[in-house]
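*Asks:* Sharing a structure with you now.
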Amino acid sequence: MKVVTIIQARMSSTRLPGKIMLPILGKPLLLRMIERVQKAQLIGKLVVATSYNSDDDEIEKLCAENNLTCFRGNLTDLLDRHYQTGKKYSADAVVKIPSDCPLIDPQVIDKVIEYYIKNDDLDFVSNLHPATYPDGNDVEIMSFASLECAWKDAVKEYEREHTTPFIWEHDDVFKIGNVAWETGLDYSSTHRWTIDYPEDYEFIRKIYEELYPTNKKFSINNILSLLSRKPEIAEINSQYSGRYWYENHLDELTNIDEYKNKLNNDKQKTD
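Each residue of the sequence shown is one higher than the last, beginning at -19 in our numbering.
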């Protein structure tokens, strides 16, 4: 089975433009994230998929300078970009990882891919439906055939923009699997380790400064231990915890009951 892992990246982020080039210990955030992804054992061919937009020339240049494979495609139709990338590199299975997860744990990546490989009757596996890991450990893997089906049939804007909703919203058509955090805990809406806002960057930069110099392979548990010792770090971006793109499509999405329940519970706590 040929696995192609795709990191989707662009410069024109709405909330924090150029976030993937923000410096983390002397290197762009995107390179720090790729360094972590490359520590996973099962990722196969790694490709940075960016757009044809001239703003993203910088990403292609960065990839060339660091001997990384770069593919360029549609700016807003991420489904097409992933499909065309998978097609170009003859993928049997495509792994989707967003570039806003610079603290992603390589072991989590391998767990999701391994689950997919061992359960060869499944079309799609993620750790997001429902999500339990700290936010920013997002991994999805799907058969290329399923991705191609979505590419052909998905027509809604959010289905094209977010790549995989057509698959996981049609669990009557596709066989779906999920990998839950083995601790039994759910930190998906309380621990925000992704980047969309300046405060997220400050949080992530602080984590790297605290852990990376002595442990380049720091894990989820290492981060949690640090936050336990220094809870003030977690407070840096805590106001944004629990925010997902789902919020804009609550009336359209049908397979996010767990997320809706979390929203209701959070609302009850604040009422």
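All C-beta atoms, glycine included, are put in the ideal place defined by N, C-alpha and C.
In angstroms, rounded to a whole number, what distance separates the CA positions of residue 207 and residue 60?
*Replies:* Residue 207 sits at position 227 when you count from the first residue of the sequence shown. Residue 60 sits at position 80 when you count from the first residue of the sequence shown. Distance between the alpha carbons of residue 207 and residue 60: 39 Å.
*Asks:* With a 10 Å radius around its C-beta and 16 neighbouring C-beta atoms as the bar for buried, classify residue -12 as buried or exposed.
*Replies:* As a first step, residue -12 must be located in the sequence shown, where it is residue number 8. Residue environment for residue -12: buried (at least 16 other C-beta atoms within 10 angstroms of its C-beta).
*Asks:* Taking only the alpha-carbon atoms, compute the straight-line gap between residue 25 and residue -14 and give it to the nearest angstrom.
*Replies:* In the sequence shown, counting from the first residue as 1, residue 25 sits at position 45. In the sequence shown, counting from the first residue as 1, residue -14 sits at position 6. Going by the C-alpha atoms only, they are around 8 Å apart.
*Asks:* What separation, rounded to the nearest whole angstrom, lies between the Cα atoms of residue 97 and residue 163?
*Replies:* As a first step, residue 97 is located in the sequence shown; it is residue number 117 there, counting from the start. As a first step, residue 163 is located in the sequence shown; it is residue number 183 there, counting from the start. Cα atoms of residue 97 and residue 163: separation of roughly 22 Å, rounded to the nearest angstrom.
*Asks:* Put residue 56 into one of helix, strand or coil per three-state DSSP.
*Replies:* One-based indexing of the sequence shown puts residue 56 at position 76. Of the three classes helix, strand and coil, the one that applies to residue 56 here is coil, per DSSP.
*Asks:* Identify every residue that forms a DSSP beta bridge with residue 104.
*Replies:* Stepping through the sequence shown from its first residue, residue 104 is reached at position 124. Residue 104 pairs with 122, 156.
*Asks:* For residue 16 and residue 117, what's the separation of their Cα atoms in angstroms?
*Replies:* Locating residue 16 in the sequence shown gives position 36, counting from the first residue. Locating residue 117 in the sequence shown gives position 137, counting from the first residue. Taking the straight line joining both Cα atoms gives about 11 Å.
*Asks:* Closest by CA to residue 182, which one among 148, 199, 218?
*Replies:* Here residue 182 is taken as the residue at index 202 of the sequence shown, counted from 1. Residue nearest to residue 182 within the set 148, 199, 218 is 218 (criterion: CA-CA distance).
*Asks:* If contacts are defined as beta-carbon pairs under 8 Å, then residue 188 and residue 4 qualify, I think. What distance do you get, rounded to the angstrom?
*Replies:* On the sequence shown, position 208 is the one that residue 188 refers to. On the sequence shown, position 24 is the one that residue 4 refers to. That belief holds up - the Cβ atoms of residue 188 and residue 4 are roughly 5 Å apart, short of 8 Å.
*Asks:* Using the C-alpha atoms, what's the distance from residue 68 back to residue 124?
*Replies:* Counted from its first residue, the sequence shown places residue 124 at position 144. Counted from its first residue, the sequence shown places residue 68 at position 88. Approximately 12 Å, taken between the alpha carbons.
*Asks:* Which value, in whole angstroms, describes the spacing of the CA atoms of residue 113 and residue 103?
*Replies:* Reading the sequence shown from its first residue, position 133 is the one you call residue 113. Reading the sequence shown from its first residue, position 123 is the one you call residue 103. The alpha-carbon atoms of residue 113 and residue 103 are separated by roughly 22 Å.
*Asks:* Suppose contacts are defined by Cβ-Cβ distances below 8 Å. Is residue -5 in contact with residue 176 by that definition?
*Replies:* Against the sequence shown, residue -5 aligns to sequence position 15. Against the sequence shown, residue 176 aligns to sequence position 196. For residue -5 and residue 176, yes; Cβs fall inside 8 Å.
*Asks:* Looking at the structure shown, is residue 115 part of a helix, part of a strand, or coil, going by DSSP?
*Replies:* Taking the first residue of the sequence shown as position 1, residue 115 is located at position 135. Three-state result, residue 115: strand.
*Asks:* Roughly how many whole angstroms lie between the Cα atoms of residue 94 and residue 22?
*Replies:* For the purposes of this step, residue 94 is taken as the residue at position 114 of the sequence shown. For the purposes of this step, residue 22 is taken as the residue at position 42 of the sequence shown. When rounded, the distance between both Cα atoms is 7 Å.
*Asks:* Run through DSSP, which three-state label would residue 247 get?
*Replies:* Residue numbering aside, residue 247 sits at position 267 when the sequence shown is read from its first letter. Interpretation of residue 247 is limited by its pLDDT of 42, a score under 50 that renders its predicted location unreliable; no figure is taken from the coordinates.
*Asks:* With distances taken Cα to Cα, identify the nearest neighbour of residue 82 among 31, 179, 111, 0.
*Replies:* For the purposes of this step, residue 82 is taken as residue 102 along the sequence shown, with counting starting at 1. For the residues 31, 179, 111, 0, the minimum Cα distance to residue 82 belongs to 0.
*Asks:* Quick check on residue 205: does DSSP put it in helix, strand or coil?
*Replies:* Position 225 of the sequence shown, counted from the start, is the residue given in the question as residue 205. If DSSP states are grouped into helix, strand and coil, residue 205 belongs with the helices.
*Asks:* Helix, strand or coil, according to DSSP, for residue 30 in the structure here?
*Replies:* Locating residue 30 in the sequence shown gives position 50, counting from the first residue. Residue 30: strand per DSSP, three-state reduction.
*Asks:* Here's the rule: buried if 16 or more other CB atoms are within 10 angstroms of the residue's CB, otherwise exposed. What is residue 135?
*Replies:* The count along the sequence shown starts at 1 and reaches residue 135 at position 155. With fewer than 16 Cβ atoms within 10 Å of its Cβ, residue 135 is classed as exposed.
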